[in-house]
Every structure is written in structure tokens, then in C-alpha cells.
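Residues 0 to 214 in numbering that gives the first Met the number 0 are what the sequence shown spells out, letter by letter.
From the three backbone atoms N, C-alpha and C, an ideal C-beta is built for every residue, glycine too.
Fair warning: this is a prediction, and the values are worked out from it, not measured in the lab.
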Amino acid sequence: MTKYLKAFISYEGIQRVERFQFPEAALREALLNAIAHKDYSSGIPIQISVYADKIIFWNEGTLPENWTVENLKQKHASRPFNPSISTAFFRTGYIEQWGRGTIRIINECINYGLSAPTFNYDFASVMLEIRQKEIAMSEKNVGENAKKMSEKVSEKVSEKVLSLIVVNADITTAELAKKLGISTKTIERALTKLKKENRIKRIGGRKEGIWQVIV
């Protein structure tokens, strides 16, 4: 989750929210499934391929006799390729129900707003693909949300600066920064914004002048 996947950043109030392309619960279930069903007589490792818009789990192994990928998409009996591993996972709480792993992966993806993942089977290996939906639009929305949040923060700072100027027309940039607990550069941007909006003006010099609030 932290090394290979990209999180989209948005904000709820002042809280930063990270949303990854794929649901963590689905990835967890896919990994446990791959470990429990791998054919360990082969030296080929489980392979996880991460792309900008999809993630693929490839595993050496076979489905139970007469099974197809359609069986994985509906309620089915539990027939793990490695019963001992599956039992260990169940007893330690890594899996909660037998025969529900693939269905949970599908449900987690759909609940996350993605399309249902696809399963492919070629009689020697199983491949699971989880694909991100409308990644470009998500990035656009995140950018718009970040811009709106920045504008809201700027507006709040400007209002606080204005309220202090009303009380004390002699107040300096350094004093404003100290009272509000923010940098002088942020204060200067707020003052510039207020002047552009014709809400305040400076009378006199920078050191000996005063602020005038324009009603």
C-alpha cells in the first residue's frame, strides 16, 4: 500500500484524506487466497504486477476438477489447494469464512466504486485483475477539492487578519503572524488579498503607517 500504490489526496474540513486506487480489504483477501491456493511443487513465485490503472495477481495453481472461473463469482464449497495453510489462516483469524474469499474480493471492489474484478484460468495458473475506474477523473476531482480547500483556508485567514486590524490599526505583519500563529508570508498574502478586494488600504509608510478598513 505504501511502496507501490498511489493515493489520491482530498480534504474533509481540515483533515487530509488518502484514498488508494484499490480497496485494501480486497488486496488483503487476494494475497491470502494466492498463498492458500498456490501450487508449491512449482518454484514459480506468486506474482503481483502494479500498474497506474490496475493490479494483477498471478498464481501457479489449478482449480478443483470441473470448476471454471464462474464458480469463483458465486457461493461455492471450500476446496483449498493447501488445506493446512487455509486451516492455519482460519484459526488465526486471517480468514473468517470458508469459500468466501473470491466473493469478498468482488464485493469489496464494487463497494469501493470499482468494476467487478476479472478472473482468468488457463489450467495451470489463475490470474486476478482489479482495475481502477476513471482514474483521470478522480485526479481532476482531487485537484479541484484541494483548490477549494486552499481558497477556504485563505478566506478564513483574511477574515481573522481583518478583525485584528479593526481592533488595532497600528498592528504590524509580525504581530499579526504571532497572534494567529502562522508565518509572516501567509499574513502578507492575506493582506495583499484584502487590498485587492478593496477592503483595506495602507496610510503612510510601512513602519510608521496605519491600516484603514474600507467600509
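* So Val16 packs on Leu62, CB below 8 Å; how close in whole Å? -> Taking a contact as a CB-CB distance under 8 Å, the pair Val16 and Leu62 does not count as one, their CB atoms being some 39 Å apart.
* In terms of residue numbering, what span does the beta strand (DSSP E) encompassing Asn106 cover? -> No beta strand (DSSP E) contains Asn106, which is instead part of the alpha helix (DSSP H) from 100–110.
* **Gln211 vs Lys194 beta-carbon contact at 8 Å** => It is not a contact, given that the beta carbons lie outside the stated cut-off.
* Asked: So Val38 packs on Glu59, CB below 8 Å; how close in whole Å?
  -> Inspection of the sequence shows that residue 38 is occupied by Asp rather than by Val. Sure, about 5 Å apart at Cβ, within 8 Å.
* Asked: When you compare each of Ile102, Ile164, Phe7, Arg99 to Ile202 by their alpha carbons, which one comes out closest?
  -> If you compare the alpha carbons of Ile102, Ile164, Phe7, Arg99 with that of Ile202, the shortest gap goes to Ile164.
* Same chain only: Cβ atoms within 7 Å of Thr185, ignoring 5 sequence neighbours per side -> Sequence-distant partners of Thr185 (beyond 5 residues in either direction) whose C-beta falls short of 7 Å from its own C-beta, in its chain, are Val156.
* To do: Check whether the Cβ atoms of Tyr111 and Pro22 sit closer than 8 Å, and answer yes or no.
  => Yes, they are a contact pair.
* Asked: Can you name the start and end residues of the alpha helix (DSSP H) that Ile94 belongs to?
  -> Unbroken run through Ile94: none, as it is neither H nor E.
* What separation, rounded to the nearest whole angstrom, lies between the Cα atoms of Ile181 and Leu175? -> Looking at the two C-alpha atoms, the distance is approximately 8 Å.
* **Among Thr172, Ile129, Thr183, Glu187, nearest to Ala24 - alpha-carbon criterion** => The residue with the shortest Cα to Cα distance from Ala24 is Ile129.
* Near Val160, what residues of its chain come up, given a Cβ to Cβ distance below 8 Å and the 5 sequence neighbours on each side ignored? -> In the same chain as Val160, and ignoring 5 residues on each side of it, the C-beta atoms closer than 8 Å to its own belong to Leu175, Leu179, Ile186, Ala189, Leu190, Leu193, in chain order.
* Asked: Using a Cβ-Cβ cut-off of 8 Å (strictly less than) and excluding sequence neighbours within five positions of Ile109, which residues of its own chain qualify?
  -> Hits under 8 Å: Ala115.
* **Euclidean distance between Cα positions of Tyr120 and Val68** => If I take the Cα positions, the gap works out to 7 Å.
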